[in-house]
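A short write-up of the structure that comes next.
Number of protein chains: 2
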Amino acid sequence: MENIEENGVAKAKRFARLQSLERYSLHSYVFNYIRDAILDGRYKPGDALVETRLAEELGVSRTPIREAIRQLELEGLVISIPNKGVVVNGFSQQDIDDIYTIRSMLEGLAARWAAQRIDQQKLKELEEIVELMGYYTKKNDFEQLTQLDTRFHGVIYEACDSKVLKHLLDNLLRYVEQARRGSLKVPMRACQSLNEHRSIFEAIMKRNAAEAEKFMAKHISSAILNLHSLMGQNEKEN
Amino acid sequence: MENIEENGVAKAKRFARLQSLERYSLHSYVFNYIRDAILDGRYKPGDALVETRLAEELGVSRTPIREAIRQLELEGLVISIPNKGVVVNGFSQQDIDDIYTIRSMLEGLAARWAAQRIDQQKLKELEEIVELMGYYTKKNDFEQLTQLDTRFHGVIYEACDSKVLKHLLDNLLRYVEQARRGSLKVPMRACQSLNEHRSIFEAIMKRNAAEAEKFMAKHISSAILNLHSLMGQNEKEN
DNA sequence: GTCACATTAATTGTATACAATTATACAAAC
DNA sequence: GTTTGTATAATTGTATACAATTAATGTGAC
Chain A
42 MENIEENGVA
52 KAKRFARLQS
62 LERYSLHSYV
72 FNYIRDAILD
82 GRYKPGDALV
92 ETRLAEELGV
102 SRTPIREAIR
112 QLELEGLVIS
122 IPNKGVVVNG
132 FSQQDIDDIY
142 TIRSMLEGLA
152 ARWAAQRIDQ
162 QKLKELEEIV
172 ELMGYYTKKN
182 DFEQLTQLDT
192 RFHGVIYEAC
202 DSKVLKHLLD
212 NLLRYVEQAR
222 RGSLKVPMRA
232 CQSLNEHRSI
242 FEAIMKRNAA
252 EAEKFMAKHI
262 SSAILNLHSL
272 MGQNEKEN
Chain B
42 MENIEENGVA
52 KAKRFARLQS
62 LERYSLHSYV
72 FNYIRDAILD
82 GRYKPGDALV
92 ETRLAEELGV
102 SRTPIREAIR
112 QLELEGLVIS
122 IPNKGVVVNG
132 FSQQDIDDIY
142 TIRSMLEGLA
152 ARWAAQRIDQ
162 QKLKELEEIV
172 ELMGYYTKKN
182 DFEQLTQLDT
192 RFHGVIYEAC
202 DSKVLKHLLD
212 NLLRYVEQAR
222 RGSLKVPMRA
232 CQSLNEHRSI
242 FEAIMKRNAA
252 EAEKFMAKHI
262 SSAILNLHSL
272 MGQNEKEN
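Set out below in structure tokens:
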């Protein structure tokens, strides 16, 4: 009886997944699930990831769980000790700072290349995004602003026309996702951020590669500075 | 009869592996095997990776093969199409150029941080490496030089004391491994490379971060230039 | 009490079995 | 000859079974 019941639950979970997600493979579903859980803090650094528990939790078998874990391991989000298990790794504040420094360089590079290679369509897309940013900044709609920020940078990743650079930046951006979310929720920062985005867009539009790179690097650097001032306020939480 | 025989072969392969390799998990063994095969051209872009064939070839089951493939997928070395299969992706010349550009920035950053943070032991290690480089450059021993080059950069990755940056650079270096191997096999380049390493080492020793960064970035840039002149010579091969 | 050792349980590692999907081959219709 | 449909084979996707390793527990000697 219990077995049948449990099986029914698993089947139901699976069915819901197949409907919602565009029927990707289970391992990618599991990968996204665990990564998000780590990045928004549901799984904390030091937590052990037990395959059977995860399998039950997600209603799948251990095989896709293992595939996902191997990927997370490669990304450095978990640490696997052979025959013992895997634990959540997470990032230290130092790691996040490092990522921002690295991003300021690589995003700068992306902006430089984008200024050289962007096509009219993507240019128009950027323009629209910046306009919308102006709108939502006035409205103080931080959720929309975060999304637009992601899109703005995403379009540039595409426009720089480098598979490798895009791949690197996509990952780096994900890692600091939670830090980034908090960052924009300061009105001052949102306003400053808007101006920075404007400058970057204008430099790209003018095909001024050097300026685009400079502004973008500054933009990322000021993001980390802002993050630090936020940290300073709730220092006791550490 | 055949089954028993085949099983014997697989067992023998496995035994040899357990002896030689320090008894790591199978998936990491498989991962390294396939990655190396792709990077030194045994598996060519477009080749299909069939799980059962790989399993037989390596004398393991499909599970570790799949785990390894998921990792390769994340690294961008293979492309997986659900329910169809995975094909080797490899890197285009443009990708390699991009990687060198990215490396010149990130290695520069690593050198900058290394100049600020390196300890006496690693500093001494660097000094020894540079001395040995001088020795083997005179001897035209390119195999040793390649190894020393890897060690030189490896020490700096360690010395910069950034988990994230080290992780990124380790991967990038692996991707251009085969390109790099050819590059040093030009006497002129070896000599020039030695001088560049010397300058970088001296800047780090003097704790001159800006100079270390500048010299390192130049070093990587000249490596790609050298690579291009090599390409120019055997252009017909494409 | 605690240390050593054996026994059991929990967990990971690997292999295999089965299901689902896609590719291939071949025949019939036009 | 081309196309369409169907049966078959090949391959991937998933789940489960079993082996190996490690952690936990308990028991007896001292």
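First to last, the sequence lines map onto chains A and B. Its first residue numbered 42, the first sequence is counted upward by one per residue in the working numbering. Its first residue numbered 42, the second sequence is counted upward by one per residue in the working numbering. Idealized CB from N, CA, C, for every residue including glycine.
Alpha carbons only, please: which of the options is nearest the one belonging to residue i?
{"i": "residue 318 (chain B)", "options": "B:80, B:77, B:71, B:85", "result": "The structure shown does not extend to residue 318 (chain B), since chain B spans only 42 to 279, so no value can be given for it."}
{"i": "residue 99 (chain A)", "options": "A:209, A:67, A:235", "result": "A:67"}
{"i": "residue 280 (chain A)", "options": "A:97, A:168, A:227", "result": "The question about residue 280 (chain A) has no answer here: the residues shown for chain A are numbered 42 through 279."}
{"i": "residue 203 (chain A)", "options": "A:220, A:153, A:179, A:181", "result": "A:153"}
{"i": "residue 114 (chain B)", "options": "B:130, B:103, B:104", "result": "B:130"}
{"i": "residue 179 (chain B)", "options": "B:271, B:227, B:145, B:263", "result": "B:227"}
{"i": "residue 254 (chain A)", "options": "A:90, A:118, A:146, A:246", "result": "A:146"}
{"i": "residue 246 (chain A)", "options": "A:214, A:159, A:213", "result": "A:159"}
{"i": "residue 229 (chain B)", "options": "B:85, B:148, B:181", "result": "B:181"}
{"i": "residue 232 (chain A)", "options": "A:249, A:155, A:174", "result": "A:174"}
{"i": "residue 269 (chain B)", "options": "B:250, B:249, B:248, B:224", "result": "B:224"}
{"i": "residue 196 (chain B)", "options": "B:170, B:186, B:213, B:215", "result": "B:170"}
{"i": "residue 107 (chain A)", "options": "A:80, A:148, A:136, A:75", "result": "A:75"}
{"i": "residue 148 (chain A)", "options": "A:137, A:213, A:81, A:80", "result": "A:213"}
Return helix, strand or coil for residue i, following the three-state DSSP convention.
{"i": "residue 159 (chain A)", "result": "coil"}
{"i": "residue 66 (chain B)", "result": "coil"}
{"i": "residue 214 (chain B)", "result": "helix"}
{"i": "residue 82 (chain B)", "result": "coil"}
{"i": "residue 308 (chain A)", "result": "What is shown of chain A runs 42 to 279, which leaves residue 308 (chain A) out entirely."}
Give me the Cα-Cα distance between residue i and residue j, rounded to the nearest whole angstrom.
{"i": "residue 252 (chain A)", "j": "residue 241 (chain A)", "result": "8 Å"}
{"i": "residue 21 (chain B)", "j": "residue 188 (chain A)", "result": "Nothing can be reported for residue 21 (chain B): it is not among the residues displayed for chain B, which extend from 42 to 279."}
{"i": "residue 211 (chain B)", "j": "residue 217 (chain B)", "result": "11 Å"}
{"i": "residue 176 (chain A)", "j": "residue 194 (chain A)", "result": "18 Å"}
{"i": "residue 184 (chain A)", "j": "residue 198 (chain A)", "result": "21 Å"}
{"i": "residue 265 (chain A)", "j": "residue 139 (chain A)", "result": "10 Å"}
{"i": "residue 96 (chain A)", "j": "residue 105 (chain A)", "result": "9 Å"}
{"i": "residue 192 (chain B)", "j": "residue 172 (chain B)", "result": "13 Å"}
{"i": "residue 150 (chain B)", "j": "residue 102 (chain B)", "result": "42 Å"}
{"i": "residue 110 (chain A)", "j": "residue 87 (chain A)", "result": "15 Å"}
{"i": "residue 201 (chain A)", "j": "residue 116 (chain A)", "result": "23 Å"}
{"i": "residue 234 (chain A)", "j": "residue 142 (chain B)", "result": "28 Å"}
{"i": "residue 257 (chain B)", "j": "residue 221 (chain B)", "result": "16 Å"}
{"i": "residue 83 (chain A)", "j": "residue 73 (chain A)", "result": "13 Å"}
{"i": "residue 90 (chain A)", "j": "residue 128 (chain A)", "result": "6 Å"}
{"i": "residue 132 (chain B)", "j": "residue 118 (chain B)", "result": "8 Å"}
{"i": "residue 155 (chain B)", "j": "residue 69 (chain A)", "result": "37 Å"}
{"i": "residue 157 (chain A)", "j": "residue 271 (chain B)", "result": "27 Å"}
{"i": "residue 263 (chain A)", "j": "residue 144 (chain A)", "result": "12 Å"}
{"i": "residue 261 (chain A)", "j": "residue 85 (chain B)", "result": "38 Å"}
{"i": "residue 249 (chain A)", "j": "residue 259 (chain A)", "result": "16 Å"}
{"i": "residue 134 (chain B)", "j": "residue 215 (chain A)", "result": "28 Å"}
{"i": "residue 112 (chain B)", "j": "residue 190 (chain A)", "result": "29 Å"}
{"i": "residue 80 (chain A)", "j": "residue 94 (chain B)", "result": "37 Å"}
{"i": "residue 136 (chain A)", "j": "residue 186 (chain B)", "result": "32 Å"}
{"i": "residue 65 (chain B)", "j": "residue 120 (chain A)", "result": "15 Å"}
{"i": "residue 267 (chain A)", "j": "residue 267 (chain B)", "result": "42 Å"}
Looking at the unbroken beta strand (DSSP E) that takes in residue i, where does it start and where does it end?
{"i": "residue 117 (chain A)", "result": "Residue 117 (chain A) -> no beta strand (DSSP E), and no H or E assigned at all."}
{"i": "residue 127 (chain B)", "result": "126-129"}
Residue range of the alpha helix (DSSP H) that residue i falls in?
{"i": "residue 190 (chain A)", "result": "183-200"}
{"i": "residue 242 (chain B)", "result": "228-246"}
Worksheet item: Contact between the stretch 157-174 of chain B and the stretch 124-139 of chain B: three or more CB pairs below 8 Å?
Response: no
Practice prompt. Give a yes or no on contact between the stretch 229-243 of chain A and the stretch 201-215 of chain A, applying the rule of three or more CB pairs nearer than 8 Å.
Written response: no
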